[in-house]
Structures are given as C-alpha cells and as structure tokens.
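**Q** Numbering (UniProt numbering), first residue to last: 1 to 197. Every residue gets a Cβ at the ideal spot worked out from N, C-alpha and C, and that includes glycine. In this text, all values refer to a predicted model and were calculated from it rather than measured experimentally. Handing you a structure now.
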C-alpha cells in the first residue's frame with residue numbers, strides 16, 4: 001500500500017472472489033479442526049496475536065483461528081501459509097467486505113475505533129488507509145475477473161475446483177494434507193510423491 005502503513009499491526013485484507021467459501025477448515029473434519037484450534041490457542045498463549053486481547057476462559061470463543069493464505073496465479077490454488085489466533089474485532093478486518101456488508105454503523109464505528117487504537121493512528125490515517133485499500137480492492141477485483149474469465153474457458157467442473165497447499169508449519173499438518181488428498185483437493189507438485197501421504 002504505502003510505507004506509512006507498513007508498521008500497522010492491524011490491516012485490512014482481501015480474499016479474491018473465486019476463493020470465497022473455500023478454506024482448508026471447511027474441507028477437513030470438525031474433530032481435526034478442533035484439535036488444531038486447541039493447539040493454536042495454547043501455542044499463542046490464548047491471546048490475540050495482533051492486539052494482545054486475552055479473554056477469560058469462558059470467552060475463548062472470541063478468539064478465532066484465521067487462515068493466512070496466498071493464492072495461485074495460474075490455477076485456483078489456495079496456499080495455507082500460517083494460522084493466526086486473532087480476536088473477533090481484529091478478525092473482522094481480515095474479511096472487510098463481509099464485515100461492512102453485515103454490520104450496522106454503530107458496529108462499524110466500534111471496529112474503526114479498535115483499528116485506530118491497535119495501530120496507534122489518527123482518524124485521518126484510518127480514512128487514508130481505507131481510501132488506499134479501496135483502490136487496491138478495485139485493482140484486485142479486476143485481476144479476479146481476469147482469472148474468472150480464464151477459468152470460464154475450461155471445460156469441466158474439476159478445472160474450476162479450488163485445490164490446496166499447506167506450506168506453513170501448522171499443527172497436525174500431515175493429517176490435514178491426508179484429509180485434503182483423500183478428497184482429491186491437495187495440490188501435489190511434480191516432484192512430490194502422493195504415495196507418501
């Protein structure tokens with residue numbers, strides 16, 4: 001975006017439209033995800049890695065495990081790089097399009113104040129960051145349209161299927177890969193042996 005905002009701890013994020021609703025979490029068993037969540041909670045000391053919020057035990061549900069992803073350029077490939085433990089307020093900024101479409105003005109204002117507090121910035125900084133984010137979002141939308149047009153030229157549903165890679169050191173990584181591979185959703189590279197899974 002701009003070097004001025006490089007040090008912001010809390011940032012807005014965009015998930016390309018072709019990947020909406022496609023996550024590793026949705027493609028593994030709930031029992032495996034619960035094991036992963038428990039491990040991430042413990043590893044991250046039950047605190048938001050962005051703002052430091054540490055709820056009492058009965059409010060741990062306010063801490064979310066967020067999938068940090070990158071996306072393929074030439075194929076529908078979702079690459080899981082890491083798992084972050086973040087509070088519900090910080091997580092709202094990771095899915096900003098959904099957040100703005102679902103929340104009322106009072107809720108959005110509360111999130112704005114959280115953003116300003118976490119980043120120790122002014123309201124003007126927030127507005128400028130949001131303005132630049134919207135420009136970046138438009139550019140990302142145009143690129144997504146190009147990818148979707150490219151995908152429309154393919155003949156089968158399988159060609160438009162999102163595949164996954166796990167490149168981060170996540171808990172229970174081998175189990176996750178195995179479950180994705182068993183569903184035909186794991187992208188092995190040419191030099192990898194599928195039989196090892």
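Let me know the beta strand (DSSP E) ranges lying completely inside the region 51-91, each 3 residues or longer, listed in chain order.
**A** Qualifying beta strand (DSSP E) stretches, in chain order: 63-71 and 77-87.
**Q** Would you check if there are 3 or more beta carbon pairs closer than 8 Å linking the region 125-143 to the region 3-14?
**A** Yes, the region 125-143 touches the region 3-14.
**Q** Give the straight-line distance between the Cα atoms of residue 103 and residue 46, rounded to the nearest whole angstrom.
**A** Roughly 26 Å between the two C-alpha positions.
**Q** With a Cβ-Cβ cutoff of 8 Å, do residue 185 and residue 163 count as a contact?
**A** Yes, they are a contact pair.
**Q** Within the continuous alpha helix (DSSP H) that includes residue 165, where are the two ends?
**A** Unbroken run through residue 165 is the beta strand (DSSP E), 163-166; no alpha helix (DSSP H).
**Q** Since residue 110 is in the alpha helix (DSSP H), which residue starts that stretch and which ends it?
**A** Here the alpha helix (DSSP H) through residue 110 covers 105-119.
**Q** Could you give the DSSP three-state label for residue 189: helix, strand or coil?
**A** DSSP places residue 189 in coil when its eight states are reduced to three.
**Q** Give the straight-line distance between the Cα atoms of residue 205 and residue 75, rounded to the nearest whole angstrom.
**A** Only positions 1 to 197 of the chain appear in this structure, which leaves residue 205 out of reach.
**Q** How about residue 65 and residue 85: are their beta carbons less than 8 Å apart?
**A** Yes, the Cβ-Cβ distance between residue 65 and residue 85 is below 8 Å.
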